[in-house]
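Trainee: Note that this note's numbering has the sequence shown beginning at 407, numbered continuously upward.
We put the beta carbon where it would ideally sit given N, CA and C, even for glycine.
Note that the structure is predicted; figures quoted are calculated from it, not measured.
Take a look at this one; I'll ask things after.
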Amino acid sequence: MLEALSYEFVQNALIAGLLVSLASGIIGSLIVVNRMVFLAGGIAHTAYGGIGMAVFFGFPIFLGASLFAVVAALIIAFITFHHRNRMDTFIGLMWAVGMALGVVLIDLTPGYNVDLMSYLFGSILAVSHEDLYYMGTLLGIIIFIMLFWYRDILAVSYDSEYATLRGINVKFFYTLILILSALTVVVAIKVVGLILVIALLTIPVYIAEKLSNTLYMMMILSGVFSSLFTLCGLWFSYSFDIASGASIILISALSLFLFLLINKLRLV
């Protein structure tokens, strides 16, 4: 693996993996404590419509997917905030429509033969410098928002009624969390693909949740675990010449299994 570090695409992959892992650790923690896993999954698959639009109209993939995902997040936030009893039906609808729209637009693009697997299961080794700038900017924005509004987001995440009584705009922060989740999902698609993105956002968080007593510590540990899983996954992928996204998730799942096993043995 050390000799591979001389290649620029491997260096880009490592940097991208760390940037996305840290962002996923923070946002994944918010997704889990706010019980938004299904919502994030819906946004991830809906974002495929943005990928199709970007390919069809000829603008950057990240831009198209991000705009589409943010719009989807705003719609989902509006619907689910007022009609939570219809949440699963509406998210399922957007999930299917987004995927179908993406496939149709890509098929209609003349002379474009896209590798669908790269979006479904990730293509971290194809990360460009522009992608790294986007990932780094997003991570910076996430960290700034968490530092600036941490107490408000904490209150909204654990007790929205208490937050309302304190005068916190719950609807604003609920929507903000979904928008940040949508943007994080988009960059995570580059690493592990939209099929596996939820695993990246939840497995490290589950382990971190068991080892921490505060949301702040959960975010830090999630970022650390996610980074370790990503680096190990990339090494595994390089050593055995297999898909990097799937390798990262398999390493994460194996780590979760070992963690649960050790915990169970300690209780015996």
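1) CA-CA distance, Ile-432 and Ala-450?
2) Taking the continuous alpha helix (DSSP H) assigned at Ser-563, which residues delimit it?
3) So what does DSSP say about Thr-452, is it helix, strand or coil?
4) Give me, in chain order, the residues of the same chain whose beta-carbon lies closer than 6 Å to that of Thr-515; leave out the 5 immediate sequence neighbours on both sides.
5) Asn-575: buried (16+ other C-beta within 10 angstroms of its C-beta) or exposed?
6) Give the single residue among Ser-430, Leu-420, Pro-466 whose Cα lies nearest to the Cα of Leu-627.
7) Using beta-carbon positions only, say whether Arg-572 and Ala-561 come within less than 8 Å of one another.
8) Look up Ala-502 in the DSSP assignment and say whether it is helix, strand or coil.
9) Identify which residue in Ser-529, Phe-468, Ser-632, Tyr-580 has its Cα closest to the Cα of Ser-566.
10) Do Ile-648 and Phe-527 have their beta-carbon atoms positioned less than 8 Å apart in this structure?
11) Please report the straight-line C-alpha distance between Gly-504 and Ser-658, rounded to a whole angstrom.
12) Can you tell me the Cα-Cα spacing of Gly-651 and Thr-608, whole angstroms?
13) Would you kindly report the start and end of the unbroken alpha helix (DSSP H) that includes Thr-590?
14) By DSSP, does Met-623 sit in helix, in strand, or in coil?
15) Quick one: any contact between the stretch 605–621 and the stretch 433–448, if contact means 3 or more CB pairs under 8 Å?
16) Once the 5 residues before and after Met-624 are set aside, which same chain residues still bring their CB inside 6 Å of it?
17) Nearest to Glu-536 by alpha carbon, out of Val-477, Lys-596, Tyr-568?
18) Pick out whichever of Leu-660, Ile-604, Val-598 has its Cα sitting closest to the Cα of Arg-441.
19) Within 10 Å of its beta-carbon, does Pro-610 have 16 or more other beta-carbons around it, so buried, or fewer, so exposed?
Mentor: In short, the structure shows the following:
1) Counting from 1 along the sequence shown, the entry for residue 432 is found at position 26. Counting from 1 along the sequence shown, the entry for residue 450 is found at position 44. Roughly 17 Å between the two C-alpha positions.
2) Numbered from 1 along the sequence shown, position 157 holds the residue referred to as residue 563. From DSSP, the alpha helix (DSSP H) with Ser-563 extends over 535–564.
3) Locating residue 452 in the sequence shown gives position 46, where the first residue counts as 1. The answer is helix: DSSP assigns Thr-452 an H, G or I state.
4) Start at 1 with the first residue of the sequence shown, and residue 515 comes out as number 109. Answer for Thr-515: Val-461, Phe-462, listed in chain order.
5) On the sequence shown, position 169 is the one that residue 575 refers to. Exposed is the call here.
6) Stepping through the sequence shown from its first residue, residue 627 is reached at position 221. That would be Ser-430, whose Cα lies nearest to the Cα of Leu-627.
7) Counting from one through the sequence shown, the residue named residue 572 turns up at place 166. Counting from one through the sequence shown, the residue named residue 561 turns up at place 155. The answer is yes: Cβ separation under 8 Å.
8) Numbered from 1 along the sequence shown, position 96 holds the residue referred to as residue 502. If DSSP states are grouped into helix, strand and coil, Ala-502 belongs with the helices.
9) On the sequence shown, position 160 is the one that residue 566 refers to. For Ser-566, the nearest C-alpha among the options comes from Tyr-580.
10) Within the sequence shown, the letter at position 121 stands for residue 527. Within the sequence shown, the letter at position 242 stands for residue 648. Contact flag unset, no.
11) For this step, residue 504 is matched to residue 98 along the sequence shown. For this step, residue 658 is matched to residue 252 along the sequence shown. Their backbone Cα atoms lie some 28 Å apart in a straight line.
12) The residue given as residue 651 occupies position 245 in the sequence shown. The residue given as residue 608 occupies position 202 in the sequence shown. About 15 Å.
13) Along the sequence shown, read from residue 1 onward, the residue named residue 590 stands at position 184. Thr-590 -> alpha helix (DSSP H) spans 576–598.
14) One-based indexing of the sequence shown puts residue 623 at position 217. Three-state result, Met-623: helix.
15) yes
16) Against the sequence shown, residue 624 aligns to sequence position 218. Hits under 6 Å: Ser-435, Ala-614, Glu-615, Ser-618.
17) Residue mapping note: residue 536 aligns to position 130 of the sequence shown, counting from 1. Checking every option, the nearest Cα to that of Glu-536 belongs to Lys-596.
18) On the sequence shown, position 35 is the one that residue 441 refers to. Comparing Cα-Cα distances from Arg-441 to each of Leu-660, Ile-604, Val-598, the minimum goes to Ile-604.
19) Here residue 610 refers to the residue found at position 204 when the sequence shown is read from its first residue. Buried: at least 16 other Cβ atoms inside 10 Å.
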